[in-house]
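S.K.: Let me begin by handing over the structure; questions about it come next.
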């Protein structure tokens, strides 16, 4: 684990920073800070000299400020292990064309110490409860810092009110018109008539600053806090949750997806720092592909210090959102209430980052939501941001939902919740209905880009689309009828099988036996005929040959598409690894990529062109190796490889466009072995991130007369409690049953450990001529779940 020490430095800075710092208050206030990203050379200087960032602030000091507060410099992403993030995202960048891995190590948060009591009282207005903009001195400081060649990006970490007008306490209406059929609403009631249409099986996380989770119409929903402080704007968060989760209990109203699982996470972190990018990454660590993350927040414009913009205007937040969507998490982001033409907006670098027609445009993968009037025809709500970056819209006024106050009143309701904060949960509800139906009826989780496209299918246009520029409002009836009931399904789902019989769903069994990653010693003249549909080899796992030292090899990958629409251009990246019971990304070596123009729908095998593996790039020794393949399409992108081992386990099991082949065919007796034993080198690794407990199992399907033994380092035998072995110097030889499944050992393996072992197997000679599953496998488990295996099958190679 990498430990980063808090650095405290002092510099002569602006007096207004003292006013801006966190005040002494009856309830502790979140401390506003500055987020700073250094360029590579500057980052190295900061690592070498803890005073370096202080010197940058001295250079940027606006004229006329002369206070001397203390400055604390910390990593921006304090809740994550930054070394693992950097390593994981760097690996992911190599594997995912078009994805730029953020370097979160280059981001710092700079806290300025508080000043006098009078200054502290000013902070209460200028920072923690500010609804009008940032202090002018802070805006000037951000501009001056941005001009420095050492600084790549800078913005504030100042609390921002969530994007809604305060809800009224007028008598509530019983009309939840946003549930009604189009053109009035999204027609959620139609979606409820389908399996999964109440959101069952869908996980939603709401990110903002406060909620009343004990409200009478929410308590039974069982909503829990992931992390952070339930701090403020309780009415806002309670109204958002009500739109989604109000319980069907004859009290109040009913949520759009009362069957979904709801959780919340606060931008006010446990250390009282307002930190949106860290909050997003912490949420991601608790989510899976296909889950929905709602960003109920907005950001001050870094250029002017006023105006409300989508949170991804802040570069660190943009990078965090990109990580989330690359991992398959659907991010719905409030468009914010600045009444800004986002196409015309330019950031500190003068770039039009929200204009889809501009070369400066950048894609986070989030679905950004605008707001409209609740009456038909829907016009753009007066405060809604607008432009080509807004994907869809929903009601931004007159929203009937739950409410509360600062004293946690549990029976309040409102009919006037509004803003893009009110619109965004409606879109999340529509997305959750679609995801729920997709999972229940087809076993498919839509990707972020697929969901964005599906939400817009036959949507309700605004009154004047050319003027409003807020996209369309989802029309669930037409979406469901188009996507799920007819043959005009607009979704694709490309996958590579993890094992014979895999239908593309979440893997519960073997994860390292793909029949679709094929290594041959000679090119195949017509791979589509030899390996594709109708070849007779579709379900044959014995198509690969051993790797020969000093030879070129040919690789082929087979893919399927269980959607009903053809997938467009698909790129497959292939890697090799030394044989191991757990093949983590730090063991991968890239072979190359191969492109397929399309993958037809209907679960028919599509075979890739030949991928050449030159002898110069292959391993030096003849033998069996592990192979990994990742398939990437425009609407089903391969996710970023996670940075922690628990997330990697989910990555392996929940992404069907990632597959492993750690399956070896042994077609003859061992050459030059006087005792008749094959000797297979195999590594038993620990997790790369930290020390963890693993189990090792042997699974035998060998005939009578076979013998198996495992030679392991003495330290491994001790740490995993392997019994029955005999020692020879630094190794222990453990006898294994050839035809049973049994635990070999269980114990703690160090972070990054690689235990070099040898499996020794002797089988009767007649086995090499017989057909059937004559196999032996070593399986590694973590928390009772298989995370990897290596299999040896004894018998003839498949003939092509």
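Residue numbers (this note's numbering): 2 to 801. Where is the CB? At the ideal position from N, CA and C, for every residue including glycine. In this text, all values refer to a predicted model and were calculated from it rather than measured experimentally.
For residue 653, which residues in the same chain have their Cβ closer than 6 Å to its Cβ, ignoring the five residues on either side in sequence?
M.R.: Within the same chain, residue 653 has close Cβ partners 512.
S.K.: Starting from residue 684 and walking both ways along the beta strand (DSSP E), at which residues does that stretch end?
M.R.: Here the beta strand (DSSP E) through residue 684 covers 679-686.
S.K.: With distances taken from CA atoms, which of 253, 293, 250, 259 is nearest residue 266?
M.R.: Of the listed residues, the one whose Cα sits closest to residue 266 is 293.
S.K.: Using the three-state DSSP reduction, which class does residue 77 fall into: helix, strand or coil?
M.R.: Looking at residue 77 - three-state DSSP - the assignment turns out to be coil, as it is neither helix nor strand.
S.K.: According to DSSP, is residue 340 helix, strand or coil?
M.R.: Coil at residue 340, not helix or strand.
S.K.: Do you know whose CA, among 570, 686, 525, 798, lies nearest residue 756's CA?
M.R.: That would be 686, whose Cα lies nearest to the Cα of residue 756.
S.K.: So which of 273, 59, 379 has the shortest CA-CA distance to residue 186?
M.R.: The option with the nearest alpha carbon to residue 186 is 379.
S.K.: Measure the alpha-carbon distance for residue 624 versus residue 108 and round it to whole angstroms.
M.R.: Rounded to the nearest angstrom, the two C-alpha atoms are 45 Å apart.
S.K.: Residue 319 to residue 329, Cα distance in whole Å?
M.R.: Residue 319 and residue 329: Cα-Cα distance of roughly 16 Å.
S.K.: Quick one: what's got a C-beta closer than 6 Å to residue 262's C-beta in the same chain, skipping five residues either side?
M.R.: Counting only Cβ-Cβ distances below 6 Å, and skipping sequence neighbours, we find 204.
S.K.: Distance, Cα to Cα, residue 45 vs residue 72?
M.R.: Spanning the two alpha carbons is a distance of roughly 19 Å.
S.K.: Measure from the C-beta of residue 401 to each C-beta in chain C and report whether the shortest distance is under 8 Å.
M.R.: The question asks about chain C, but that chain is absent: this structure has only one protein chain.
S.K.: Can you name the start and end residues of the beta strand (DSSP E) that residue 144 belongs to?
M.R.: That residue, residue 144, is in no beta strand (DSSP E); its alpha helix (DSSP H) goes 137-148.
S.K.: Give every residue of the same chain whose Cβ lies closer than 6 Å to the Cβ of residue 717, excluding the five residues on either side of it in the sequence, and list them in chain order.
M.R.: Excluding residues within five positions, the ones whose Cβ falls inside 6 Å are 756.
S.K.: In terms of residues, what are the limits of the beta strand (DSSP E) holding residue 787?
M.R.: Note, residue 787: beta strand (DSSP E), 786-795.
S.K.: Report the rounded CA-to-CA distance for residue 1 versus residue 35, giving the unit in angstroms.
M.R.: Since the displayed the chain opens at 2 and closes at 801, residue 1 lies outside it and no answer follows.
S.K.: Can you name, in chain order, every residue of its own chain whose Cβ lies under 7 Å from the Cβ of residue 432, other than the five neighbours on each side?
M.R.: Answer for residue 432: 293, 331, 333, 452, 456, listed in chain order.
S.K.: Can you say whether residue 749 is buried or exposed, counting buried as having 16 or more other CB atoms within 10 angstroms of its CB?
M.R.: Exposed, by the Cβ-count rule.
S.K.: Residue 413 and residue 1 - do their beta-carbons sit closer together than 8 Å?
M.R.: The requested residue 1 is not part of the displayed model; the chain covers only 2 to 801.
S.K.: Using only CA atoms, which one of 315, 299, 317, 316 lies nearest to residue 309?
M.R.: Comparing Cα positions, the closest option is 299.
S.K.: Alpha carbon to alpha carbon, how far is residue 157 from residue 54?
M.R.: Straight-line Cα distance between these residues: approximately 15 Å.
S.K.: Does DSSP classify residue 423 as helix, strand or coil?
M.R.: Residue 423: helix per DSSP, three-state reduction.
S.K.: From residue 583 to residue 697, what does the alpha carbon distance come to, in whole angstroms?
M.R.: Answer to the nearest angstrom: the Cα atoms are 10 Å apart.
S.K.: How about residue 366 and residue 326: are their beta carbons less than 8 Å apart?
M.R.: Their beta carbons are under 8 Å apart, which means residue 366 touches residue 326 by this criterion.
S.K.: By Cβ distance below 7 Å, which residues in the same chain neighbour residue 589 in space, the five residues on each side in sequence not counted?
M.R.: The residues are 576, 578, 629.
S.K.: CA-CA distance, residue 427 and residue 386?
M.R.: Rounded to the nearest angstrom, the two C-alpha atoms are 17 Å apart.
S.K.: I think residue 495 touches residue 409, with their Cβ atoms under 8 Å apart; what is that distance to the nearest whole Å?
M.R.: Not quite, the Cβ-Cβ distance comes to about 48 Å (not below 8 Å), so this is no contact.
S.K.: Is it buried or exposed, residue 92, if we count other Cβ atoms within 10 angstroms and call 16 or more buried?
M.R.: Unreliable positioning characterises residue 92 in this predicted model, as indicated by a pLDDT of 48, which lies under 50. The coordinate reading is nonetheless provided below. Buried: at least 16 other Cβ atoms inside 10 Å.
S.K.: Whole angstroms is fine: what's the gap from residue 616's alpha carbon to residue 596's?
M.R.: Answer to the nearest angstrom: the Cα atoms are 21 Å apart.
S.K.: Measure the alpha-carbon distance for residue 75 versus residue 47 and round it to whole angstroms.
M.R.: So the alpha carbons of these two residues sit roughly 11 Å apart.
S.K.: For the stretch 767-776 against the stretch 676-691, are there 3 or more C-beta pairs whose distance is under 8 Å?
M.R.: In short, these stretches do not touch, since the Cβ pair count stays below three.
S.K.: Beta-carbon within less than 7 Å of residue 290's beta-carbon, same chain only, minus the 5 sequence neighbours each way: which residues are those?
M.R.: So the qualifying residues of the chain are 328, 329, 330, 446, 640, 655, 656.
S.K.: Give me the DSSP bridge partner(s) of residue 418.
M.R.: DSSP, once it has assigned bridges, lists 400 as partnering residue 418.
S.K.: Pull up the DSSP beta-bridge partners for residue 62, would you.
M.R.: Per DSSP, none; premise fails for residue 62.
S.K.: Indicate whether residue 384 and residue 420 have their beta-carbon atoms separated by less than 8 Å.
M.R.: Yes.
S.K.: Between which two residues does the alpha helix (DSSP H) holding residue 283 run?
M.R.: 277-285 is the span of the alpha helix (DSSP H), which, as asked, contains residue 283.
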